[in-house]
Each structure stands twice: as structure tokens, then as C-alpha cells.
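**Student:**
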Amino acid sequence: MPKDTDAHHGPQHVAIIMDGNGRWATQRGRPRLFGHHAGARRVREIVRACPDEGVKYLTIFAFSTENWKRTQTEVAGLMALFRRYIEREARALLDEGVRVRFIGDRMKLDDKLVSLMDNLELLTSENNKVHLTIALNYGGRDEVTRAAQRLAVEIEQGRLTHKDVDAETLSKFLDTQFLPDPDLVIRTSGEARISNFLLWQSAYAEYEFVDTLWPDFSAAEFSKVLAGYGGRERRFGAVLA
Ligand code: IPE
Ligand code: IPE
Ligand code: MG
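Under the numbering used here, the residues of the sequence shown are numbered 78 to 318, in order.
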């Protein structure tokens with residue numbers, strides 16, 4: 078049963094920096110990829126928890142534009158994991174009413190993965206219970222840069238002029254054009270930094286940094302973090318009476 082009262086005060090859009098997979102595996106004497114696989118199982122649990130928590134939009138950071146700097150083994154293992162995740166989860170996501178979309182630059186991703194991403198977006202495009210956005214090869218600076226380039230093309234070709242360039246127009250050129258801004262950004266693993274995630278969109282987001290490593294982040298803990306958010310006063314720069 079949806080918790081109506083909580084849902085009312087709770088965040089509509091939650092974004093998560095899923096961090097700590099590598100350390101989780103290392104603590105167990107296992108390769109880092111073992112942690113990534115454990116992390117993927119938590120994604121399933123957290124997505125399923127969203128309807129009851131009143132979370133309509135969930136955006137998760139899966140791979141950053143900087144993560145290419147990792148070893149070839151880890152990068153290749155992660156790419157294989159993304160392909161497998163999409164293949165295995167597509168049916169359940171469709172049946173559970175989840176609409177999936179991806180943000181980030183697809184140009185550097187391999188064709189097979191991109192076609193799986195495209196197909197999953199299409200397959201779930203009629204769903205509307207939960208909007209799951211997966212940030213894959215995503216970086217906030219890269220996103221704003223690509224948006225600026227596309228805006229420049231519009232101007233060059235005479236469809237827009239420099240006077241059209243305001244925050245609202247720029248937002249429409251971002252990968253997140255279909256999303257409301259996040260209300261709450263959660264980062265696991267004890268690191269208190271943004272690491273290039275949703276830089277523009279999080280201007281007024283609340284942040285919650287939890288020590289738990291991502292593979293240990295349960296639906297119960299997610300619920301606790303959301304409950305904590307309900308008590309916060311967001312001022313958006315104004316003085317509230
Ligand atoms: C987050 O976990 C997942 C990705 C960045 C792909 P990490 O792999 O960053 O784990 P730690 O931070 O090294 O523990
Ligand atoms: C951020 O985590 C990216 C993802 C969770 C996908 P990182 O582990 O890559 O960030 P840093 O390197 O600690 O800043
Ligand atoms: Mg990390």
C-alpha cells in the first residue's frame with residue numbers, strides 16, 4: 078500500500094550516486110566486479126521500493142564520463158554487466174510499470190549496448206508508474222557542453238538568436254529535458270562529493286550522504302533516508318514566513 082501521507086511530503090525525484098561497490102568487494106577479498114554485480118541486485122530492490130515510497134522519478138548514476146580511466150578489465154566488465162542487466166531486467170521492468178530512459182553520451186558506448194538501451198526505452202515508453210533514468214557515460218559538464226554545442230548549431234543556422242539563450246531554453250537541450258529537477262540526491266559509501274552528477278539540475282536539491290556501501294544499501298535504509306527528507310525546509314533562496 079502506498080503511504081499517502083509520506084508520499085505527499087516525500088521527494089518526488091530522487092537521484093542516487095551508487096558508490097562503494099569496489100570497496101565492498103575488496104573488503105571481502107574479491108575482485109571489484111564482484112561488487113558491481115552485488116550493486117546491480119540492489120538497483121532492482123530500490124526500483125521496486127519506489128511506488129510505495131511515493132517516489133515517481135529515480136535517477137541512478139551507473140557510469141561516469143571519468144570512469145573510463147579505470148582498468149580495461151573493470152570497464153569491460155561493467156559494460157558487460159550493463160548489457161546483461163538490460164537483457165535480464167527488461168521483462169520485469171515492463172511488467173512493473175517502470176519507464177526506463179538513459180542519459181549521458183551514447184557515442185562512446187558500443188553499438189550492441191546502445192541498441193539494447195534504445196530497445197528498452199521503446200519497450201517501456203508507455204509505462205508511467207516509476208520513471209527510472211540511468212546515467213551511463215554521463216557527466217554534468219559533458220552534458221552542459223553538449224547542450225551548448227547544440228544550441229550553437231541552432232543559432233548558426235538561424236533558428237535561434239543569442240537572446241533566446243536563457244536557463245529555460247538551455248534546460249531543453251540537456252539530456253534531462255524530460256525530467257523534473259531532483260529533490261533529493263543520495264550518495265552512498267561516505268564520500269561527500271558530487272563527482273560531476275546532475276550539476277545543473279541539483280542547484281536546489283537536498284543532499285544526503287550515507288556511510289553504507291552501495292551493495293549494502295537496502296530498501297529499509299532507503300525508506301529511512303526518505304523519511305528524514307520529509308522534515309527539511311527548502312527555501313529556494315527566499316525567506317519563508
Ligand atoms: C560505484 O562504485 C560504481 C561505479 C562507479 C561504476 P565504485 O566502483 O566507485 O566503488 P569504490 O568507490 O571504488 O568503492
Ligand atoms: C561516481 O563515483 C560515479 C558513479 C557512481 C557511477 P566514482 O567512484 O567514480 O567517483 P569518485 O572518483 O570517487 O569521485
Ligand atoms: Mg567510487
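Even glycine gets a Cβ: it sits at the ideal position worked out from N, Cα and C.
Around the C-beta of residue 136, are 16 or more other C-beta atoms found within 10 angstroms, so that it is buried, or is it exposed?
**Tutor:** When all chains shown are included, residue 136 counts as buried.
**Student:** As a quick check of your reading: which residues have a C-beta less than 7 Å from at least one non-hydrogen atom of ligand 2, in chain order?
**Tutor:** This criterion selects 94, 95, 96, 138, 139, 140, 141, 143, 144, 268, 270, 272, 274.
**Student:** Taking the straight line between their C-alpha atoms, what separation do you get for residue 147 and residue 153?
**Tutor:** Using only the alpha carbons, I get a separation of about 10 Å.
**Student:** Quick check on residue 214: does DSSP put it in helix, strand or coil?
**Tutor:** Here residue 214 sits in strand by DSSP.
**Student:** From residue 311 to residue 106, what does the alpha carbon distance come to, in whole angstroms?
**Tutor:** Cα-Cα distance, rounded: 43 Å.
**Student:** Report the option in 302, 191, 144, 238 whose CA atom is closest to the CA atom of residue 164.
**Tutor:** Of 302, 191, 144, 238, the residue nearest in Cα terms is 191.
**Student:** Take residue 279 and list the residues in its own chain whose beta-carbon comes closer than 8 Å to its own, dropping the five residues that flank it on each side.
**Tutor:** So the list reads 92, 258, 259, 262, 271, once near-sequence residues are dropped.
**Student:** With respect to 6 Å, is the separation between the Cβ of residue 100 and the closest non-hydrogen atom of ligand 1 below this value?
**Tutor:** Answer for residue 100: yes, Cβ within range of ligand 1.
**Student:** If distances are taken between C-alpha atoms only, which option among 290, 284, 173 comes closest to residue 90?
**Tutor:** Residue 90 has its Cα closest to that of 284, out of 290, 284, 173.
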